[in-house]
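Report on one structure; see the data block that follows.
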Amino acid sequence: MTAISSVRGRRVWDSRGNPTVEVDVVLENGVLGRAIAPSGASRGTREAIDLRDGGDALRGKGVSRALSSVNGLISGTLQGMDVTDQAAVDRAILNLDSSPLKDALGGNATVATSMAVLHAAAAYAQKPLWRYVADHYGCTPSLPLPEIQIFGGGAHAGRRVDIQDFMIMVPGARNFDEVMEVTNEVYFAAGDIMASRGKLAGVADEGGWWPMFDSNEEALETLVAAIEKAGEKPGDRVVISLDIAASEFGQNGKYRLALEDRDMDSGALIDMLGGWLDAYPIASIEDPVGEDDKPGMIEFTRRFGDRVQIIGDDYLVTNAALVNEAVADSACNAVLIKVNQAGTVSESIDTFFAARMAGWGAVVSARSGETEDATISHLSTGLGGGQLKVGSFQRSERMVKWNECLRIQDELGAETFVGGNPMMATWWGSERG
Ligand code: 2PG
Ligand code: MG
Numbered sequence: 020m021t022a023i024s025s026v027r028g029r030r031v032w033d034s035r036g037n038p039t040v041e042v043d044v045v046l047e048n049g050v051l052g053r054a055i056a057p058s059g060a061s062r063g064t065r066e067a068i069d070l071r072d073g074g075d076a077l078r079g080k081g082v083s084r085a086l087s088s089v090n091g092l093i094s095g096t097l098q099g100m101d102v103t104d105q106a107a108v109d110r111a112i113l114n115l116d117s118s119p120l121k122d123a124l125g126g127n128a129t130v131a132t133s134m135a136v137l138h139a140a141a142a143y144a145q146k147p148l149w150r151y152v153a154d155h156y157g158c159t160p161s162l163p164l165p166e167i168q169i170f171g172g173g174a175h176a177g178r179r180v181d182i183q184d185f186m187i188m189v190p191g192a193r194n195f196d197e198v199m200e201v202t203n204e205v206y207f208a209a210g211d212i213m214a215s216r217g218k219l220a221g222v223a224d225e226g227g228w229w230p231m232f233d234s235n236e237e238a239l240e241t242l243v244a245a246i247e248k249a250g251e252k253p254g255d256r257v258v259i260s261l262d263i264a265a266s267e268f269g270q271n272g273k274y275r276l277a278l279e280d281r282d283m284d285s286g287a288l289i290d291m292l293g294g295w296l297d298a299y300p301i302a303s304i305e306d307p308v309g310e311d312d313k314p315g316m317i318e319f320t321r322r323f324g325d326r327v328q329i330i331g332d333d334y335l336v337t338n339a340a341l342v343n344e345a346v347a348d349s350a351c352n353a354v355l356i357k358v359n360q361a362g363t364v365s366e367s368i369d370t371f372f373a374a375r376m377a378g379w380g381a382v383v384s385a386r387s388g389e390t391e392d393a394t395i396s397h398l399s400t401g402l403g404g405g406q407l408k409v410g411s412f413q414r415s416e417r418m419v420k421w422n423e424c425l426r427i428q429d430e431l432g433a434e435t436f437v438g439g440n441p442m443m444a445t446w447w448g449s450e451r452g
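All letters in the sequence shown, in the order written, are residues 20 to 452 by the working numbering.
This is how it looks when you write it as structure tokens:
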């Protein structure tokens, strides 16, 4: 056993310029593990609380209370514990805060600590983090299939369009490098088309273009045009992926598309999205209905679950119990894994395995507020068989995750790239493609 000798939190700043929590875990032999908490803008109501100070200073976003959790209770409890027993460390953190949303310690305090412990254990084992994760959890590592944003929307672009993420995936690529190349072409083609049509307002929170579209569907049409301008046949090597983030524009089965001045109930939203699935090469769709719309999610999955990946993000908040419940309900067929939604590494991994047991897809994901921390590139590779969503193809807090995968590729081998996901077979390489 190698004991944790100190746990220390400090305030650093994220990609939106907001304060966040960084934690250093130092072992007896001086080995260091470090991680930084990310922060979401479109947050599920059941995810771990991002503990902020409130008040006027720093727009209420100060993290001194979260830092007190790290430097007080958490530090005192973790000192002397075995760094290689991630489950015990995370249990000890949970024992300090029995509230379901971790509102006493703060999910930002717990996630940065938990991930820093994982880094320290890997450094102690003298393994790259992805290798340590694979060995520790008994997984076969492989490079993930990226999901990359081209336009931002919703809470990430001043709600200029209602739908949050317009993304591409390149399941037909032979390796991770090829995904990056194709993405570069599509991303800049999209920017050129938007600029020439007077639809480009800048760059949104996750590095995707900030659009000035007149309808949500205009985004889809422009994305198809960008894929074609990049020399690709939409639905062939490149497919579309959407995060509807429907909780952001609807509650209790009532939705409002502000851009189009349209009110709709759950059934009408599902019909509209079904029409998009027919008209565009969409292979994956996240949170198609609101987090509180269980009948809607069951209905959406019944109608479209055999032809498209349906990811629960706000709907499942990286919670294994909610995944198991959704499996029983036949709602969704994939889960988004955001470590800070759960609040600890162990709970996130439990959720990953709950999804895998059900034969579901799993997409490890960044948040809209990010940093230079690239832990998730290692997690998704180490757990294997997965997908990775980190935002767009611009801004270093995004590129650091893609670039880390390229470094991992050099160690692990390009042939381990996951590529086409069976859930995408309908569009990828099908008669529609
Ligand atoms: C999401 C994420 C990332 P946020 O909804 O999937 O796009 O956004 O971090 O704001 O919750
Ligand atoms: Mg989402």
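Backbone N, C-alpha and C fix where the C-beta goes; we use that ideal spot for every residue, glycine too.
Just to confirm, are Ala-353 and Thr-337 a CB contact at a threshold of 7 Å? no
Where do the ends of the beta strand (DSSP E) carrying Trp-32 lie? 23-32
CB-CB under 8 Å to Leu-288, same chain, minus the five flanking residues each way: which ones, in chain order? Ala-265, Gly-269, Tyr-274, Pro-307, Val-308 and Gly-315
Can you tell me the Cα-Cα spacing of Thr-64 and Asn-422, whole angstroms? 32 Å
So does Gly-485 have its beta carbon nearer than 6 Å to some heavy atom of the ligand 2PG? Look at the range of the chain in this structure, 20 to 452, and you will see that residue 485 is not part of it.
In three-state DSSP terms, what is Met-231? coil
Mind checking Asp-109: buried by the 16 CB within 10 Å criterion, or exposed? buried
Assuming the contact rule is C-beta atoms closer than 8 Å, Leu-431 and Thr-394 should be a hit. Round their C-beta distance to whole Å, please. At roughly 17 Å, the Cβ-Cβ gap does not stay under 8 Å, so Leu-431 and Thr-394 are not in contact.
Would you kindly work out how many angstroms separate the C-alpha atoms of Gly-405 and Leu-70, rounded to a whole number? 30 Å
Beta-carbon within less than 7 Å of Glu-434's beta-carbon, same chain only, minus the 5 sequence neighbours each way: which residues are those? none
Check this for me: beta carbons of Pro-230 and Pro-300, under 7 Å apart or not? no
How would you label Met-20, buried or exposed, when you count the other beta carbons within 10 angstroms and need 16 or more for buried? exposed
Report the residue from Val-198, Gly-221 and Val-44 whose alpha carbon sits nearest the alpha carbon of Arg-414. Gly-221
Among the candidates Ala-209, Ala-350 and Gly-177, whose CA atom is the shortest distance from the CA of Leu-239? Ala-209
Beta-carbon contacts of Lys-420 that lie in its chain and below 6 Å, excluding the five residues immediately before and after: Ala-393, Ser-396 and Val-409
Sorry if obvious, but does the Cβ on Arg-65 come closer than 6 Å to a heavy atom of the ligand 2PG? no
Indicate, with yes or no, if the ligand MG has a heavy atom lying under 6 Å from the CB of Glu-423. no
With a threshold of 6 Å (Cβ to nearest heavy atom), would Glu-237 be considered close to the ligand MG? no
For a minimum of 3 consecutive residues, which ranges assigned as the beta strand (DSSP E) are wholly contained in the segment 23-96? 23-32, 38-46 and 51-55
CA-to-CA distance, Ile-112 to Glu-47, given in whole angstroms: 20 Å
Assuming contact is defined by CB atoms lying nearer than 7 Å, are Thr-147 and Val-437 in contact in what I supplied? Thr is not the amino acid found at residue 147; the sequence shown has Pro there. Contact: no.
Three-pair Cβ contact test at 8 Å for the segment 193-208 versus the segment 163-179: yes
Helix, strand or coil for Gly-173, going by three-state DSSP, please let me know. helix
For a minimum of 3 consecutive residues, which ranges assigned as the beta strand (DSSP E) are wholly contained in the segment 239-275? 258-262
Report the residue from Ile-368, Thr-241 and Gly-157 whose alpha carbon sits nearest the alpha carbon of Ala-214. Thr-241
In the segment 328-391, which residue ranges form an unbroken alpha helix (DSSP H) of at least 4 residues, counting only runs that do not cross its ends? 339-348, 358-361 and 364-376
DSSP-derived helix/strand/coil call for Arg-178: coil
In terms of residues, what are the limits of the alpha helix (DSSP H) holding Lys-19? Since the first residue of the chain shown is 20 and the last is 452, residue 19 is not available in this structure.
Whole runs of the beta strand (DSSP E) within the segment 194-223, excluding any shorter than 3 residues: 219-222
Any alpha helix (DSSP H) of 4 or more consecutive residues that is wholly inside the segment 291-327: 313-323
At a threshold of 6 Å, does Asp-69 count as lining the ligand 2PG (C-beta to nearest heavy atom)? no
Roughly how many whole angstroms lie between the Cα atoms of Arg-27 and Val-44? 7 Å
Thinking Ile-182 and Gly-173 are a contact (beta carbons under 8 Å), I'd like their distance in whole angstroms, please. 6 Å
Backbone CA spacing between Glu-204 and Ser-411 [nearest angstrom]: 13 Å
Contact test: Glu-305 Cβ vs the ligand MG heavy atom, cutoff 6 Å: yes
Where Trp-379 falls, given that 16 or more other Cβ within 10 Å makes a residue buried: buried
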